[in-house]
Structures are given as structure tokens and as C-alpha cells.
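Some notes on the structure that comes next.
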Amino acid sequence: MTIRMPGAVKGVLTAAVFATAALAATPSLAEIKGLEIIAPASPGGGWDQHARTLQQVLQDQKLASGIQVVNIPGAGGTVGLAQFVTAKKRTPTILVGGQIMLGAIVTNKSAVTLDQVTPLARLTGEYTAIVVPPDSPIKTFDDLIKKFKADPGSVSWGGGSAGGSDQILAGLIAKSVGVDPNKVNYVATAGGGELLASALGGHVTLGMGGYSEFAPQFQAGKLRAIAVSAPQRLPGSDTPTMKEQGVDLEFVNWRGVFAQSSAKPAELKELQEAVAKAVASDEWKQAVKQRGWIDLYQPSAEFASFLKQERAQIEGTLKDIGLVK
């Protein structure tokens, strides 16, 4: 079974080339003063990394100044989303979000949805790594699958919030190897920091998360990656894919940014242009490469169209694996 997210990466990259050329010809933008970036998760995870990378690039490119990153963790990003939607506007504010939030909205039956914000841009995608402590008796992905099939409850899958991309992938793996997805022993965490502590401490059988989130631990020998959800091995990595190891799956988790629906047209245009300039910069491209992210940039209108398709697919997948009735 192969899972591919809507929108071909090749087409997106081609569009980005033309967008970059067009932006290069436009005059420089005035700085946005006092920008606030909401990362709806704890420090250390993918949303926080995106918020802080965007903060740095916007400042260095003189597209915004006085930027503050605010972490509002909880419920797969829906706590931060709710505050973002209901807060009285004080300064220009944007929200980092992604695939995990779509799943959390459905599973948590959130009263606030992405219909109440304005898509600014899709930014990146990232493949999921499955990791274990160095002293784990599980040495390979095949070892994991054998243990899981023999006794599903004996394997605890540590990942992000309930209903998010990690739990969706765990359910898809179960379905692919003939195990009832409802038997997945999934342990949800509030964000990257908590997940990392659980994985490092051996409190879960395995950890699941963005490859870049775990990369420093791989390099330090504190965690070992046994599989990655990419179609082929990542550049500079010897971690085998799930497909190499007999589970025909590939999966990518995307991230993007949103504006408040109350933003005036002129303010919205200013934010859209600042983000577009930032992601077209060499500094952003270098950060994307260093972190192992995939450039999936889409401007506002394309991102909004993508979200409609993505929401339908996520809801369908959650039903397939028994998380939503």
C-alpha cells in the first residue's frame, strides 16, 4: 500500500522556481513590525522548529522585526488554534500548523477549525523516522513487525498528539501487515520535547517523529533509526526505508502557516509577500536542506485548494483505521 499526499513535489518545485524568479524582480518590502508567530506545540518539535527558522530568516532578510515566537501546546495544536482564532488582535500574528492539526481537529471534535483562518503558505514536508534506544532488543524494522504481529499490545508506539500524522502512520503500518489498527498501543505526547524524553528513556517501545527532530540524537548515538517513511533513503543517511523492509508505505507530513481571518486585505498581502520572499531566500533553502525538510512551498490560493483535498483524505484515513466513526 502506498500513501502519497496530494500534489506532486516535482510540480511544486517547478512552480517555486517561477515564483522565485518573479519575486526577485519585485521591489523590497517594508518590514513588518512586531510580528508574532504562534507555534501550537511545546519547544523542540517540528512546528516550533519551523516557527523559529522562519523567525530567523524573516529577521535576517529584513522582512520583519521584533518577532516573537509563542508556544501554546495542547491537543494536537487545537488549543493554539483556538487561541489564535479568538484572540483580540494586538500585533501582526501568524500560526504554524500542519497535517497533525487536521487530524486533531477531527479526533478532538474541535469547535474551531481551519475554516476560521486564512491559509498563507504551505512550507515544507518531512518524512517520519521510527527510532529505538541503542540498547533496544529491536534491531531492525522487521524485528519490530514480528513483535507487533505476535503481540500487538506489547509494542508501544510513542508519537505526537492523538489523531495526528504519527498515529495515522502507525495505523497504516498495522493495516499493511495484517494487524487490526484498533490494537495499536499508541502513546500520545504533547510535542517534540516530551516525545524525545519518552524515546530516550525507553518509556515507549519506539518513537515516531520528523527525521530532523531526532537527527541530533542519531549523531550522538543516543537513538537508533530503524526505518524512515521516505520512498528512498535520505541523502547522507543509511536508515533503510519501510519499503525496503517489506512494508509498502511512504508518508510525508507537511507544515504551513496561517493568518487570522480578521486580517485586512493589505495586511494579508504584506504577510503573504513576506513569507514568499523568506522561502525564496538562500538562507531558508539552506535551513531546509540542513534540517532534512522537503520544499513543498505553495502560495495562499494553491494552499487553500490543497487543504480541502487533504482534509477529505485525512478524514477518510482516520475512518479506515478506526480512529473516527
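Residues -30 to -1, 1 to 295 (mature numbering (1 follows the signal peptide of the UniProt record, and there is no 0)) make up the sequence shown, in order.
Where a beta carbon is used, it is the ideal one built from N, C-alpha and C, also for glycine.
Test item: CB-CB of residue i and residue j under 8 Å
i, j, result
"THR98", "ASP136", "yes"
"VAL87", "VAL55", "yes"
"ALA52", "ALA74", "no"
"GLY16", "GLY180", "yes"
"GLY130", "THR83", "no"
"LEU193", "LEU165", "no"
"THR48", "SER12", "no"
"GLY128", "VAL198", "no"
"GLY50", "PHE228", "no"
Per DSSP, the bridge partner or partners of residue i
i, result
"PHE228", "LEU65 and PRO89"
"ASP265", "THR94"
"LEU176", "TRP127"
"THR211", "VAL198"
"VAL40", "ILE8"
"TYR156", "TRP127"
"ILE2", "ALA34"
Cβ separation of residue i and residue j, assumed to be a contact under 8 Å, to the nearest whole Å
i, j, result
"GLN69", "TRP224", "5 Å"
"VAL294", "GLY95", "That pair is no contact at about 23 Å."
"VAL154", "PRO103", "Their Cβ separation, rounded to whole angstroms, is 20 Å, which puts VAL154 and PRO103 out of contact at 8 Å."
"LEU176", "VAL245", "Contact doesn't hold; Cβ gap of about 35 Å is too wide."
Own chain partners of residue i with C-beta closer than 6 Å, once the 5 adjacent residues on each side are dropped
i, result
"TRP254", "VAL27 and ALA248"
"LEU62", "According to the sequence displayed, residue 62 carries Pro and not Leu. For PRO62, where only same-chain residues beyond five positions count, the Cβ hits under 6 Å are ILE2 and LEU5."
"GLY292", "PRO151 and ASN152"
"LEU114", "ILE108"
"GLN187", "LEU193"
Sequence-distant residues of the same chain with beta carbon closer than 7 Å to residue i, five excluded per side
i, result
"ALA(-15)", "Legend: pLDDT at ALA(-15) = 44, less than 50; position of this residue unreliable, value from coordinates given subsequently. Taken in chain order, the residues that qualify are ASP265 and TYR267."
"ARG281", "LEU72"
"GLY134", "GLY46, ILE70, GLY73 and ALA74"
Spatially closest choice to residue i from the options, by CA coordinates
i, options, result
"ALA185", "GLY171, GLN256, SER207 and LEU176", "SER207"
"ARG60", "ALA244, ALA169, ASP112 and SER232", "SER232"
"ILE196", "VAL174, GLN215 and GLY134", "GLN215"
"LYS58", "PRO43, ASP18, GLN230 and ASN155", "GLN230"
"GLU183", "ASP85, ILE7, ALA(-1) and ASP18", "ASP18"
"THR23", "GLN256, SER106, SER270 and ASP290", "GLN256"
"LYS116", "ILE37, ALA34, GLU237 and VAL147", "VAL147"
Close-in-space but distant-in-sequence residues of the same chain around residue i (CB under 8 Å, 5 per side omitted)
i, result
"PHE273", "PRO89, LEU90, ALA91, ARG92 and GLY226"
"VAL40", "GLU6, ILE7, ILE8 and ALA9"
"ALA(-7)", "For ALA(-7), the predicted structure reports a pLDDT of 44, less than 50, and the residue's modelled location is therefore unreliable. A value from the coordinates is still provided. Excluding sequence neighbours, ALA(-7) sits near ALA250."
"ALA144", "PHE118, PRO122, ASP150, PRO151, LYS153, VAL154 and ILE291"
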